[in-house]
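**Student:** Protein chains in written order, with our numbering: chain A, 63 to 354; chain B, 24 to 258.
No residue lacks a Cβ here, since even glycine has one placed at the ideal position from N, Cα and C.
Sharing a structure below in structure tokens format, with a few things to ask.
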């Protein structure tokens, strides 16, 4: 039972990071109908920028802010300079361009920083609090929950309580109709990419200290888990992304804890296949429109 | 300098070609403030193209549009800045957003207020559906939501693109009453003749993109060219 509790708390903490990353994928999907396969590479690029600042200044928080702001800028740049010019008549075009971006970003990071793992310190202790013999959450886990929870609340408020959020959603659902209503659709698209990349950067900054450290490919496995989380929840559903992230986090941790870490990636892929077969639009997909 | 008589929307000798197809052929129309002007014609006559020109979705090869006597180069996302709102044939709602949120996106300036949105929904009789998603509503109610989203902007010119399409007789009577009571200029594209004849002050008839008649409902009713265009033979 102690082990189960420990794994549960650990899984929720990991799941919170997957949730943030899945949220980034959902934001871009909702804005542009593209699965941004470059999200992981973009996040690792901003994590490198953040930790460079941290190493230069000694301030984790300055690096943290640089990473998030860097995500905003990188997301806007990718949309304005690259994705805007992609022919979206076939969904495959965006995917191929995103995969190309992954190769470019990882190549450039390798040239600048090398291909060795670089240590990345956590801002808080990762030692778990003990309750009797049971190891619960660490200070760092609490920080992860707080950071992801804050992002979820802020995004929820943005999309449901502000005119900008309303216009972003409208632009994503029906660009031409939105234009007729005075919505600056291209600006909303850029904002969507910027926000998504910033959320992805946050996820990157949160996950790097819990893994082997910084590496150009550091987010590859995280991306697979987060993509699964987004598909499990439904690519159109921010709530689904959060729940999907927690489900994937728990699954990975339970499988790692009881069956071994080498089996865990397979468990994620099995979950992905099961959801795609049983409910391809995700657990939180909306009902289809009636026709009369 | 514009004068009182220049007020409103005017189309001057508009011609639109799509490749070899002449969609609009030298069409002129004046929509004065407060008037309800109908545009009718058989399928493919160019009615929706006319709306698309006014909205900036189609560019004319020749001709000019003026708004209050000044040249007007329409761009879709600037329309509501000029006080022009349009409903769409295919309803065109944001299905992932609630009815209330759909209407809030139609508010022209400043922070969208739920009060204004509810007033528009009350006016079109679907305030009780505010929390519903449009895709789950019957077609007629979705049409009402579409109207509410256009009305919430308090447009000075309202473009209604086949608002009666898919509605039953009772709904069309309700729509006619609503249009009659609108305190705004209306340009109405519609196939439903009874509706057009009952609400319009003036009617333009198009046939294969060419204007064949312009006049009051009574004048249009008695026009032989119009009867021929619709029936394929002189009445």
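In terms of residue numbering, what span does the alpha helix (DSSP H) encompassing residue 204 of chain A cover?
**Tutor:** Segment 201-223, the alpha helix (DSSP H) holding residue 204 of chain A.
**Student:** Using the rule of at least 16 other Cβ atoms within 10 Å of the residue's Cβ for burial, across every protein chain shown, is residue 36 of chain B buried or exposed?
**Tutor:** exposed
**Student:** Tell me which same chain residues have a C-beta within less than 7 Å of the C-beta of residue 252 of chain A, skipping the five on either side of it?
**Tutor:** 138, 141 and 142
**Student:** So the beta strand (DSSP E) residue 212 of chain B belongs to, where does it begin and stop?
**Tutor:** 208-212
**Student:** Among B:104, B:81 and B:111, which has the Cα closest to the Cα of residue 239 of chain A?
**Tutor:** The option with the nearest alpha carbon to residue 239 of chain A is B:111.
**Student:** So, for residue 31 of chain B: in the same chain, excluding its five sequence neighbours on each side, which residues have a beta-carbon less than 6 Å away from its beta-carbon?
**Tutor:** 54, 55 and 56
**Student:** Please classify residue 96 of chain B: does DSSP put it in a helix, a strand, or coil?
**Tutor:** coil
**Student:** Give the straight-line distance between the Cα atoms of residue 147 of chain A and residue 87 of chain A, rounded to the nearest whole angstrom.
**Tutor:** 20 Å
**Student:** Do you know offhand how far residue 134 of chain A's Cα is from residue 92 of chain A's?
**Tutor:** Taking the straight line joining both Cα atoms gives about 17 Å.
**Student:** How close, in whole Å, do the beta carbons of residue 60 of chain B and residue 211 of chain B come, if the pair is a contact with beta carbons under 8 Å?
**Tutor:** 7 Å
**Student:** Can you name the residues of chain A whose CB is closer than 8 Å to the CB of residue 128 of chain B?
**Tutor:** 228, 229, 232, 240, 243 and 245
**Student:** Closest Cβ-Cβ distance between residue 71 of chain A and chain B: below 8 Å?
**Tutor:** Against chain B, the CB of residue 71 of chain A has no partner CB under 8 Å away; the residue lies outside that interface.
**Student:** How many Å lie between residue 42 of chain B and residue 84 of chain B at the Cα?
**Tutor:** 11 Å
**Student:** Is the Cβ of residue 78 of chain B closer than 8 Å to any Cβ of chain A?
**Tutor:** With respect to chain A, the C-beta atom of residue 78 of chain B has a partner C-beta closer than 8 Å.
**Student:** Can you confirm whether the stretch 115-130 of chain A touches the stretch 274-294 of chain A when touching is taken to mean that 3 or more C-beta pairs between the two stretches lie within less than 8 Å?
**Tutor:** Output reads no: the stretch 115-130 of chain A does not touch the stretch 274-294 of chain A.
**Student:** Could you check where the beta strand (DSSP E) with residue 33 of chain B kicks off and where it finishes?
**Tutor:** 32-41
**Student:** Shortest alpha-carbon distance to residue 261 of chain B belongs to which of B:127, B:63 and B:200?
**Tutor:** With chain B running from 24 to 258 in the structure shown, residue 261 of chain B is simply not present.
**Student:** Helix, strand or coil for residue 101 of chain A per DSSP?
**Tutor:** In the three-state reduction of the DSSP assignment, residue 101 of chain A falls in the helix class, which pools H, G and I.
**Student:** Cβ atoms of residue 126 of chain A and residue 267 of chain A: under 8 Å apart, would you say?
**Tutor:** yes
**Student:** Leaving aside the five residues before and after residue 300 of chain A along the sequence, list all residues of the same chain whose C-beta is less than 7 Å from its C-beta, in chain order.
**Tutor:** 85, 88 and 217
**Student:** Please name the residue, chosen from B:253, B:119 and B:235, that lies closest to residue 51 of chain B on a Cα-to-Cα basis.
**Tutor:** B:235
**Student:** Three or more C-beta pairs closer than 8 Å, one from the stretch 185-195 of chain A and one from the stretch 67-83 of chain B: is that the case here?
**Tutor:** no
**Student:** In chain order, what residues of the same chain have a beta carbon less than 8 Å from the beta carbon of residue 330 of chain A, not counting five sequence neighbours either side?
**Tutor:** If the five residues before and after residue 330 of chain A are omitted, its C-beta is found closer than 8 Å to the C-beta atoms of 286, 287, 290, 310, 313 and 314, all from its own chain and listed in chain order.
**Student:** Could you please tell me which residues of the stretch 286-310 of chain A, in chain order, have their CB closer than 9 Å to any CB of chain B?
**Tutor:** 298
**Student:** To which residues does DSSP link residue 184 of chain B through a beta bridge?
**Tutor:** B:212
**Student:** With a Cβ-Cβ cutoff of 8 Å, do residue 174 of chain B and residue 143 of chain B count as a contact?
**Tutor:** yes
**Student:** Please report whether the beta-carbon of residue 235 of chain A lies at a distance below 8 Å from any beta-carbon of chain B.
**Tutor:** yes
**Student:** Taking the straight line between their C-alpha atoms, what separation do you get for residue 243 of chain A and residue 136 of chain B?
**Tutor:** 16 Å
**Student:** Buried or exposed: where does residue 295 of chain A fall if 16 or more other Cβ atoms within 10 Å of its Cβ makes it buried?
**Tutor:** buried
**Student:** Evaluate contact between the stretch 85-105 of chain B and the stretch 156-165 of chain B, counting only Cβ atoms and requiring at least three cross-stretch pairs below 8 Å.
**Tutor:** Contact fails: fewer than three Cβ-Cβ distances are below 8 Å.
**Student:** Please decide whether residue 352 of chain A counts as near chain B, where near means a Cβ-Cβ distance under 8 Å.
**Tutor:** Note that residue 352 of chain A has pLDDT 41, beneath the 50 cutoff, so the model's placement of it is unreliable and no number is given.
**Student:** For residue 223 of chain B, collect the residues of the same chain with a Cβ closer than 7 Å to its Cβ; drop the 5 residues on either side in sequence, then sort them by chain order.
**Tutor:** 59, 60, 61, 211 and 240
**Student:** Give a yes or no on whether 8 Å exceeds the smallest Cβ distance from residue 103 of chain B to chain A.
**Tutor:** yes
**Student:** For the putative contact between residue 59 of chain A and residue 184 of chain A, defined by C-beta atoms under 8 Å, what is the C-beta separation to the nearest angstrom?
**Tutor:** Since the displayed chain A opens at 63 and closes at 354, residue 59 of chain A lies outside it and no answer follows.
**Student:** Can you check whether the CB of residue 103 of chain B is closer than 8 Å to the CB of residue 157 of chain B?
**Tutor:** Contact: no.
**Student:** Taking Cβ-Cβ distances shorter than 9 Å, what residues in chain A pair up with residue 193 of chain B?
**Tutor:** Contact annotation for residue 193 of chain B against chain A: no contact, minimum CB-CB distance about 16 Å [criterion: below 9 Å].
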